[in-house]
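Since the structure comes first, as structure tokens, the remarks are kept for the end.
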Amino acid sequence: MTCNLTVRQFAAAYTTFRESGVEIVRVFHSPADDLLPLLAGTDPAPFPVLADPKKLVYGQYGVRHGWYLAYRHGNKQRIKEAMATGFRGKFWHFLRDGGSGLPADFLIAADGSIEHQHHGQDFTDSLSVADALALINP
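To convert, note that position 105 of the sequence shown is 108 in our numbering; the numbers rise steadily by one, no gaps.
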């Protein structure tokens with residue numbers, strides 16, 4: 004649910020990122036079929052959205068997962084924000100792949116080096132558009 008919100012927020016700012024020479028790629032630990040709504044319809048994401056249900060890419064980048072890491076008190080506001088924009092989670096999907104995974108955001112240079120990394124503290128803690136833009140345009 005909050006992943007959908009993050010995709011929409013980055014999609015809305017996509018032109019700004021491209022004007023700064025930045026390409027966006029989002030990787031999710033959901034199966035590919037679950038990501039199709041982000042890529043279809045009247046408002047598809049303008050950047051690649053990739054499925055990593057076995058968390059292979061996640062493992063390569065050291066992204067943590069586990070039920071004990073997924074929750075904290077502050078994430079209620081982010082959930083409310085997602086729900087207010089029309090996103091509704093599916094409990095089964097949450098159990099299958101959302102509840103135990105933490106988001107991580109990486110700014111990767113053209114040479115492949117990691118310029119910045121943000122490891123979420125719970126399933127709602129992603130790098131914001133404003134923070135990402137501040138990192139690439141200091």
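Beta carbons: idealized from backbone N, C-alpha and C, even for Gly.
Sort out for me which residues DSSP pairs L120 with in a bridge. Going by the sequence as given, residue 120 is Gln instead of Leu. DSSP lists F109 as partners of Q120.
In angstroms, rounded to a whole number, what distance separates the CA positions of A107 and G115? Taking the straight line joining both Cα atoms gives about 17 Å.
Looking only at DSSP bridge pairs, what is F31 linked to? DSSP, once it has assigned bridges, lists A54 as partnering F31.
How many angstroms separate the CA atom of D134 from the CA atom of V10? D134 and V10 have their C-alpha atoms some 15 Å from each other.
Measuring straight from C-alpha to C-alpha, what distance separates L38 and S131? Using only the alpha carbons, I get a separation of about 20 Å.
Close Cβ partners of F20 (< 7 Å) along its chain, the five nearest in sequence each way excluded: Within the same chain, F20 has close Cβ partners I27.
Closest by CA to A137, which one among R29, H32, S23? Proximity to A137 across R29, H32, S23 peaks at S23, based on C-alpha coordinates.
Assuming E26 is part of the alpha helix (DSSP H), what are its boundary residues? Note, E26: premise wrong, no alpha helix (DSSP H); not H, not E.
Measuring straight from C-alpha to C-alpha, what distance separates L59 and G44? Their backbone Cα atoms lie some 29 Å apart in a straight line.
Where does D128 fall in DSSP's three states? Reduced to three states, the DSSP call for D128 is coil.
Taking just the CA atoms, how far does V30 sit from V52? Using only the alpha carbons, I get a separation of about 6 Å.
A16 in three-state terms, based on DSSP: A16: coil per DSSP, three-state reduction.
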